[in-house]
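Trainee: Protein chains in written order, with my numbering: chain A, 839 to 1140; chain B, 83 to 344.
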Ligand SMILES: Cc1cc2nc3c(=O)[nH]c(=O)nc-3n(C[C@H](O)[C@H](O)[C@H](O)COP(=O)(O)OP(=O)(O)OC[C@H]3O[C@@H](n4cnc5c(N)ncnc54)[C@H](O)[C@@H]3O)c2cc1C
Ligand SMILES: Cc1cc2nc3c(=O)[nH]c(=O)nc-3n(C[C@H](O)[C@H](O)[C@H](O)COP(=O)(O)O)c2cc1C
Ligand code: FES
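(1) I'd like to know if residue 1068 of chain A contacts chain B, where contact means its C-beta is closer than 8 Å to some C-beta of that chain.
(2) Give the straight-line distance between the Cα atoms of residue 84 of chain B and residue 250 of chain B, rounded to the nearest whole angstrom.
(3) Taking only three categories from DSSP, how would you classify residue 250 of chain B?
(4) Residue 84 of chain B by DSSP, collapsed to three states: which one?
(5) Taking buried to mean at least 16 other C-beta atoms within 10 Å of its own C-beta, is residue 879 of chain A buried or exposed?
(6) Tell me which residue opens and which closes the alpha helix (DSSP H) that residue 92 of chain B is part of.
(7) To the nearest angstrom, how far is it from the Cα of residue 924 of chain A to the Cα of residue 955 of chain A?
(8) At a CB-CB cut-off below 7 Å, which residues of chain B make contact with residue 868 of chain A?
(9) Using 8 Å as the threshold, is the stretch 849 to 861 of chain A in touch with the stretch 1102 to 1120 of chain A, meaning 3 or more CB pairs across them?
(10) How many Å lie between residue 320 of chain B and residue 1066 of chain A at the Cα?
(11) Does the Cβ of residue 206 of chain B lie closer than 7 Å to at least one heavy atom of ligand 2?
(12) Alpha carbon to alpha carbon, how far is residue 1007 of chain A from residue 125 of chain B? Give it in angstroms, no decimals.
(13) In whole angstroms, what separates the C-alpha of residue 846 of chain A from that of residue 1099 of chain A?
(14) Do residue 331 of chain B and residue 268 of chain B have their C-beta atoms closer together than 8 Å?
(15) Does the Cβ-Cβ distance between residue 120 of chain B and residue 290 of chain B come in under 8 Å?
(16) Does the distance from the CB of residue 881 of chain A to the CB of residue 989 of chain A come in under 8 Å?
(17) Does the distance between the C-beta of residue 111 of chain B and the nearest non-hydrogen atom of ligand 1 fall short of 7 Å?
(18) At a cut-off of 7 Å, is residue 987 of chain A close to ligand 1 when judged by its beta-carbon and the heavy atoms of the ligand?
(19) Based on the DSSP output, what are the partners of residue 122 of chain B in its beta bridges?
(20) Are any of the Cβ atoms in chain A nearer than 8 Å to that of residue 163 of chain B?
(21) What are the boundary residues of the beta strand (DSSP E) that residue 319 of chain B is part of?
(22) For residue 1033 of chain A, verify whether its CB is less than 7 Å away from any heavy atom of ligand 2.
(23) With a threshold of 6 Å on Cβ separation, who are the neighbours of residue 187 of chain B within its own chain once the five nearest residues in sequence on each side are excluded?
(24) Do you know offhand how far residue 303 of chain B's Cα is from residue 861 of chain A's?
(25) I'd like the ranges of any beta strand (DSSP E) spanning at least 3 consecutive residues and lying wholly in the stretch 876 to 955 of chain A.
(26) Indicate, with yes or no, if ligand 2 has a heavy atom lying under 7 Å from the CB of residue 930 of chain A.
(27) Report the residue ranges of all beta strand (DSSP E) runs contained in full by the stretch 1012 to 1078 of chain A; include only those spanning at least 3 residues, in chain order.
(28) Chain A partners of residue 339 of chain B, CB-CB under 7 Å?
(29) Give me whichever residues DSSP pairs with residue 214 of chain B in a beta bridge.
(30) With a 10 Å radius around its C-beta and 16 neighbouring C-beta atoms as the bar for buried, classify residue 288 of chain B as buried or exposed.
(31) Touching or not, the stretch 190 to 203 of chain B and the stretch 134 to 146 of chain B, by the rule of three or more beta carbon pairs under 8 Å?
(32) Roughly how many angstroms lie between the CA atoms of residue 300 of chain B and residue 146 of chain B, to the nearest whole one?
(33) Could you pull the start and end residues of the beta strand (DSSP E) that residue 263 of chain B belongs to?
(34) Look up residue 841 of chain A in the DSSP assignment and say whether it is helix, strand or coil.
Dropping the structure here:
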């Protein structure tokens, strides 16, 4: 028998597939639907202190090999989110609460609330490329990232993940600073900052002009980042970016990912993407006589 | 491996514009994308907004029928022949075109989404109930007559036809005729009571819902109802699916994802 079980920084998962933040993660009901699709864990939409409408439409462009989005972090605010967490909890699998803030204190107080709501881990969104004053604007500075992590670690008992942006040449510096500050795992990557111009309208399509590229188009960048992070760090890495079948999931795992997250794949394939990936990996493991998924983590390294 | 073909943004020119009723305009445009009855598109008016609209005409010369209720719909209803808009889609799961005797119940702009489905059912088998607040808001009566053997109208103010709402009219029609399927599109309150009526009479039904849509493509979750994506698993749901929804007729969500009572 093959086992897909993963223990990620203390969080026990039946399989290594997780829902990525921002996709079907805003309501309890939609999180439950992703659990039905076979996910091993669920990451919520990134939640802030107050309700936020996000950017005006158009907020999404569909491309042949992915999407470009500038949702602008819409969310109902942390106070309203308890109800959604309660409902999502009925899935019986770990829920990771994703939060975004403008200061270390804000990150810490949001994380505390998520822990109260039953989150088994916290994911810090240090990487959104299209919301002014948040995300990537803070996540490219190792000192800022370290101070946010120290503050959050002091505030909660559950494991803390830092989600990083590939839109910097300092990814490894930031990750090392995060590790030193006590973070439990690194999540990579968030979307790549991008733009789409419509030649008929003669202007950028997204109302925010800039957006983030996701889906298979970014997979090569994500795999490279995970590979580099695995070499540099001692803590686990969670791989995300363009995963939509078992082969692409295994690419990340072989690059060093202890677990993977899937976002765009939910749109391109459907919620069954999680279960499909797991059965594909199981077959691969049987053919190769592997008993435990951990035997594959990082095998692409010399 | 992917669920469907890729959809991209396409600029289309308005071929014709027709005023259907007070503040309601149909825009026709040539676009050969495959589409089925009940599907919708995302329509972008550059510099204004991008909003979901049901396809009111299928085939190569497609159409949308827009009621002016705010900024985006005002911009759309002001477009003239020759003007450009940018569309993507079609999206969603439409009506399963039924066999047997059909009752269609449309309120508001609901007839826009229903008519392409009705046009695929033999005219003799289709009866239609159209609801409007008053005569001047009545939509698509003539077009419905071409595809239905019996068209009845209800107005809230009694200015034309049956004095009352479309569900009351549907109840009357269902007591004299036995239908095999009821199709509904309109305000959710209407659909909620129509669904109850169908359950009471034991007639299967399909209803088209609306929720706040951002991506339109099954990713962001803003259109979720009980975890189902109205833009992907819907907008048309069967009576059985609706029966299990706690939010149907009760709750929708705002732009932030917060809960609102209906
Ligand atoms: C699947 C679907 C099919 C639709 N088909 C039609 C149609 O055939 N004809 C028609 O006239 N209308 C249709 N609508 C409704 C139409 O999208 C809204 O009337 C329009 O978005 C309003 O925009 P506005 O800027 O004019 O008004 P606003 O002043 O911005 O909003 C008025 C109200 O419209 C609704 N609305 C606004 N933006 C959206 C959005 N992005 N998604 C959903 N609802 C929104 C909200 O309830 C809001 O309170 C459909 C909606 C959906 C979800
Ligand atoms: C529509 C959309 C919304 C997103 N929202 C968030 C978010 O709120 N927080 C976050 O950390 N990442 C967000 N992301 C990024 C994804 O979680 C993921 O890192 C990225 O899309 C790459 O993975 P993918 O190719 O599997 O989509 C969003 C992505 C998309 C497409
Ligand atoms: S509008 Fe349906 S998921 Fe985004």
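Ideal Cβ placement from N, Cα and C applies to all residues, glycine included. Predicted, not measured: the structure shown is a model, and the values here were computed from it.
Mentor: Result, derived from the coordinates:
(1) Not closer than 8 Å to any Cβ of chain B, the Cβ of residue 1068 of chain A fails to qualify, so no.
(2) Since pLDDT at residue 84 of chain B reaches only 41, below the 50 mark, its modelled position is unreliable, and no value is offered.
(3) Here residue 250 of chain B sits in helix by DSSP.
(4) At residue 84 of chain B, the pLDDT of 41 sits below 50, so the modelled position is not reliable and the matter cannot be decided from this model.
(5) Residue 879 of chain A counts as buried, since no fewer than 16 other beta carbons sit within 10 angstroms of its beta carbon.
(6) From DSSP, residue 92 of chain B is part of no alpha helix (DSSP H) but of the beta strand (DSSP E) over 92 to 103.
(7) Their backbone Cα atoms lie some 7 Å apart in a straight line.
(8) Taking the beta carbon of residue 868 of chain A as reference, the chain B residues within 7 Å of it are 303, 306 and 309, listed in sequence order.
(9) Yes, they touch.
(10) Cα atoms of residue 320 of chain B and residue 1066 of chain A: separation of roughly 49 Å, rounded to the nearest angstrom.
(11) No, the beta carbon of residue 206 of chain B sits no closer than 7 Å to any heavy atom of ligand 2.
(12) So the two alpha carbons sit approximately 38 Å from each other.
(13) Using only the alpha carbons, I get a separation of about 13 Å.
(14) No; because the gap between Cβ atoms is not below 8 Å, this pair is not in contact.
(15) Closer than 8 Å, so yes.
(16) For the pair residue 881 of chain A and residue 989 of chain A, the CB atoms are not nearer than the 8 Å cut-off.
(17) Flag unset: Cβ of residue 111 of chain B not near ligand 1.
(18) Because no heavy atom of ligand 1 lies under 7 Å away, the Cβ of residue 987 of chain A does not count as near it: no.
(19) Here residue 122 of chain B is bridged, per DSSP, to B/136 and B/173.
(20) For residue 163 of chain B, no Cβ of chain A is located within less than 8 Å of the residue's own Cβ.
(21) Where residue 319 of chain B is concerned, the enclosing beta strand (DSSP E) stretches over 318 to 320.
(22) Checking the Cβ of residue 1033 of chain A against ligand 2 gives no.
(23) Take residue 187 of chain B, set aside five residues on each side of it, and the residues of its chain with a beta-carbon closer than 6 Å to its own are 211, 248, 252, 266 and 276, in chain order.
(24) If you take the alpha carbons of residue 303 of chain B and residue 861 of chain A, they lie about 6 Å apart.
(25) Taking 3 residues as the shortest admissible run, the stretch 876 to 955 of chain A contains the following complete beta strand (DSSP E) segments, listed from N- to C-terminal end: 879 to 881, 898 to 901, 904 to 907 and 933 to 937.
(26) For ligand 2, not one heavy atom lies less than 7 Å from the Cβ of residue 930 of chain A.
(27) As far as the stretch 1012 to 1078 of chain A is concerned, its whole beta strand (DSSP E) runs of at least 3 residues are 1023 to 1026, 1030 to 1033, 1048 to 1052 and 1075 to 1078.
(28) What residue 339 of chain B touches in chain A: 864, 865, 912, 913 and 914.
(29) Answer is B/237.
(30) Result: buried.
(31) Between the stretch 190 to 203 of chain B and the stretch 134 to 146 of chain B there are three or more inter-stretch CB-CB distances shorter than 8 Å, so the stretches are counted as touching.
(32) Approximately 22 Å, taken between the alpha carbons.
(33) Note, residue 263 of chain B: beta strand (DSSP E), 263 to 267.
(34) Here residue 841 of chain A carries a strand assignment [DSSP, helix/strand/coil].
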